[in-house]
Ligand SMILES: C[S@@+](CC[C@H](N)C(=O)[O-])C[C@H]1O[C@@H](n2cnc3c(N)ncnc32)[C@H](O)[C@@H]1O
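Numbering (the numbering used here), first residue to last: 8 to 389.
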């Protein structure tokens, strides 16, 4: 790879595992920036230390994002000295703006310090996501707007769970639906993740009942030329059997909207379901106030009990129709009390014996509670 400009310098440097990079001769806000590999909770990352005359700022980025950050930062520096596992490189910008560089092929040893109490976020603070500025989650500099930190944590964690699924799947293009997308923070971030971070083709549809919100989302998608992202106004109930995405996501789609979304996924033979439910009123209304007295005489306990029962039945019904299903806490309670997620992957068929056992298990549970959750009807369990 020839080094003709600063871009190709950083492409060459980051094409192999990074050993170090120092930018110096800063002419702007920072006097110096040092890049080093570090080991964090979520895997290896690049830690960047940016020095002003009085302070030092840290950020942890994936290698791809760190390369992009180095290219961007170098606009305000004169020198770059770096090494990867296969070579040592240096570069200087002359007064006339010309780039002079040298490369020595040499095997360098890497030292990767462990910072495993810190976490590598797919969406780090300080890296602006354009649509999130429009939606009031980030400032133009990529800082999180006060009051939006919980939403930011939810989106980041949801994204990590999507990343786990996508990284283990060989397909090279994705079709995704977000049911009950609302203002679509997550939808825009996912689109950004596929197109900017994974560099993978994606078609995404956000669906919501609120016309005004949908119009706003379509305007933002158009503003940024997000051709693969569109928003529809409608009820998820009406799209069952109409869409067959690879993945459906729901983040706090209200009450039975989650059930219709699960049914739409099953009907569309969707491979991945990531659904964080919210306000499960249906079963709460069906549980008799005189049954399970120690629970039902306290409104909050009855509500939580009904919510757990609803999600338990949803998860087991998905198992029944051929999904490998788990239920996880996708964020800490402090970031959202509605922090459970049903995660399911289509395995394509269960044995008739398991199927009969599951059906009985679900039916017995519902009989015990004297409830008939919508999902059992939508998926034809009993
Ligand atoms: C609590 S908001 C969550 C929005 C978004 N997913 C988020 O996390 O920011 C729930 C959204 O679900 C939408 N919704 C509720 N029932 C729906 C249905 N049956 N079909 C489509 N959207 C629905 C509501 O209009 C609302 O925007």
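For glycine and all other residues, C-beta sits at the position ideal for the given N, C-alpha and C. Model, not experiment: these values are computed from the prediction.
Task: Run of the alpha helix (DSSP H) containing residue 215, from where it starts to where it stops - done: Within the chain shown, numbered from 1, the residue matching residue 215 stands at position 208. That residue, residue 215, is in no alpha helix (DSSP H); its beta strand (DSSP E) goes 208–215.
Open item on the list: Measuring only the C-alpha atoms, how far is residue 290 from residue 373?
Closed with: Within the chain shown, the letter at position 283 stands for residue 290. Within the chain shown, the letter at position 366 stands for residue 373. Near 10 Å, if we compare the C-alpha coordinates of residue 373 and residue 290.
Task: Residues that residue 331 bridges to, as DSSP identifies them - done: Counted from its first residue, the chain shown places residue 331 at position 324. According to DSSP, which records beta bridges pairwise, residue 331 is partnered with 352.
- [ ] Please report how far the alpha carbon of residue 93 lies from the alpha carbon of residue 110, in whole angstroms.
- [x] For the purposes of this step, residue 93 is taken as the residue at position 86 of the chain shown. For the purposes of this step, residue 110 is taken as the residue at position 103 of the chain shown. Going from the Cα of residue 93 to the Cα of residue 110 covers about 10 Å.
TODO: Throw me the rounded Cβ distance for the residue 224 and residue 201 pair, which I believe falls under 8 Å.
DONE: Your numbering for residue 224 matches position 217 in the chain shown. Your numbering for residue 201 matches position 194 in the chain shown. Contact flag wrong, Cβ pair sits at about 17 Å.
Open item on the list: With a threshold of 6 Å on Cβ separation, who are the neighbours of residue 325 within its own chain once the five nearest residues in sequence on each side are excluded?
Closed with: For the purposes of this step, residue 325 is taken as residue 318 along the chain shown, with counting starting at 1. Cβ neighbours of residue 325 beyond the five flanking positions: 332, 351.
TODO: Would you mind reading off the limits of the alpha helix (DSSP H) that contains residue 282?
DONE: As a working note, residue 282 is residue 275 in the chain shown. Looking at the DSSP string, residue 282 is not in any alpha helix (DSSP H); the run it does join, the beta strand (DSSP E), is 279–285.
Open item on the list: Quick check: what's the CA-CA separation for residue 255 versus residue 227?
Closed with: On the chain shown, position 248 is the one that residue 255 refers to. On the chain shown, position 220 is the one that residue 227 refers to. Cα-Cα distance, rounded: 22 Å.
Task: Buried versus exposed call for residue 245 [16 or more other C-beta atoms within 10 Å across all chains shown] - done: For the purposes of this step, residue 245 is taken as the residue at position 238 of the chain shown. Burial call: exposed.
Task: Simplified DSSP state of residue 47, which is helix, strand or coil - done: Looking up residue 47 in the chain shown gives position 40. Note: residue 47 maps to strand in three-state DSSP.
Task: Minimum C-alpha distance to residue 405 - residue among 38, 69, 68 - done: Absent from the model: residue 405. The displayed extent of the chain is 8 to 389, so no value can be given.
Open item on the list: Quick check: does the Cβ of residue 220 come within less than 8 Å of any heavy atom belonging to ligand 3?
Closed with: Only ligand 1 can be found as ligands here, which leaves ligand 3 out of the picture.
TODO: Return the CA-CA distance between residue 35 and residue 96, expressed in angstroms with no decimal places.
DONE: Stepping through the chain shown from its first residue, residue 35 is reached at position 28. Stepping through the chain shown from its first residue, residue 96 is reached at position 89. Looking at the two C-alpha atoms, the distance is approximately 23 Å.
- [ ] Using 10 angstroms around the beta-carbon of residue 147, count the other beta-carbons present and answer buried if the total reaches 16, otherwise exposed.
- [x] To locate residue 147, count along the chain shown from 1; it is residue 140. Exposed, because fewer than 16 other Cβ atoms sit within 10 Å of the Cβ of residue 147.
Task: Local Cβ density within 10 Å of residue 212, reported as buried at 16 or more and exposed below that - done: Residue numbering aside, residue 212 sits at position 205 when the chain shown is read from its first letter. Buried, by the Cβ-count rule.
Open item on the list: For a test of the three-state rule: what should DSSP assign to residue 385, helix, strand or coil?
Closed with: Here residue 385 refers to the residue found at position 378 of the chain shown. In the structure shown, residue 385 sits in a helix (DSSP, three-state: H, G or I).
- [ ] Kindly identify the DSSP beta-bridge partner or partners of residue 89.
- [x] The residue given as residue 89 occupies position 82 in the chain shown. According to DSSP, residue 89 bridges with 28, 96.
Open item on the list: I need the boundaries of the alpha helix (DSSP H) containing residue 367, first residue and last residue.
Closed with: As a first step, residue 367 must be located in the chain shown, where it is residue number 360. Residue 367 -> alpha helix (DSSP H) spans 359–376.
Task: As assigned by DSSP and simplified to three states, the class of residue 119 - done: Stepping through the chain shown from its first residue, residue 119 is reached at position 112. In this structure, residue 119 counts as coil in the three-state DSSP scheme.
Open item on the list: On the DSSP letters alone, give me the boundaries of the alpha helix (DSSP H) that residue 288 sits inside.
Closed with: Looking up residue 288 in the chain shown gives position 281. Unbroken alpha helix (DSSP H) run through residue 288: 288–293.
Task: the segment 79–87 touching the segment 8–26, judged by at least three CB pairs closer than 8 Å - done: yes
Open item on the list: Can you tell me where the beta strand (DSSP E) holding residue 185 begins and where it ends?
Closed with: Start at 1 with the first residue of the chain shown, and residue 185 comes out as number 178. Unbroken beta strand (DSSP E) run through residue 185: 180–186.
Task: Rounded straight-line distance, which links the Cα of residue 339 to that of residue 221 - done: By 1-based counting over the chain shown, the position of residue 221 is 214. By 1-based counting over the chain shown, the position of residue 339 is 332. Approximately 29 Å, taken between the alpha carbons.
Open item on the list: Which residues neighbour ligand 1 when neighbourhood means a C-beta less than 5 Å away from any of its non-hydrogen atoms? List them by chain order.
Closed with: 187, 189, 215, 216, 217, 242, 243, 258, 259, 260, 261, 264
Open item on the list: Assess contact between the segment 182–198 and the segment 247–263, defined as three or more Cβ pairs (one per stretch) separated by less than 8 Å. Is contact present?
Closed with: yes
TODO: Please state if the CB of residue 320 and the CB of residue 247 are separated by a distance shorter than 9 Å.
DONE: Numbered from its first residue, the chain shown carries residue 247 at position 240. Numbered from its first residue, the chain shown carries residue 320 at position 313. No, the pair does not count as a contact, with Cβ atoms beyond the cut-off.
Task: Residue from 165, 101, 135 with nearest C-alpha to residue 281 - done: In the chain shown, the residue the question calls residue 281 occupies position 274. Considering only alpha carbons, the answer is 165.
Open item on the list: Can you give me the C-alpha to C-alpha distance between residue 24 and residue 176, rounded to a whole angstrom?
Closed with: Start at 1 with the first residue of the chain shown, and residue 24 comes out as number 17. Start at 1 with the first residue of the chain shown, and residue 176 comes out as number 169. The alpha-carbon atoms of residue 24 and residue 176 are separated by roughly 24 Å.
- [ ] Could you check the C-alpha separation between residue 117 and residue 70 for me, to the nearest Å?
- [x] Taking the first residue of the chain shown as position 1, residue 117 is located at position 110. Taking the first residue of the chain shown as position 1, residue 70 is located at position 63. Cα-Cα distance, rounded: 15 Å.
Open item on the list: Taking 9 Å as the threshold (C-beta atoms), are residue 379 and residue 278 in contact?
Closed with: For this step, residue 278 is matched to residue 271 along the chain shown. For this step, residue 379 is matched to residue 372 along the chain shown. No.
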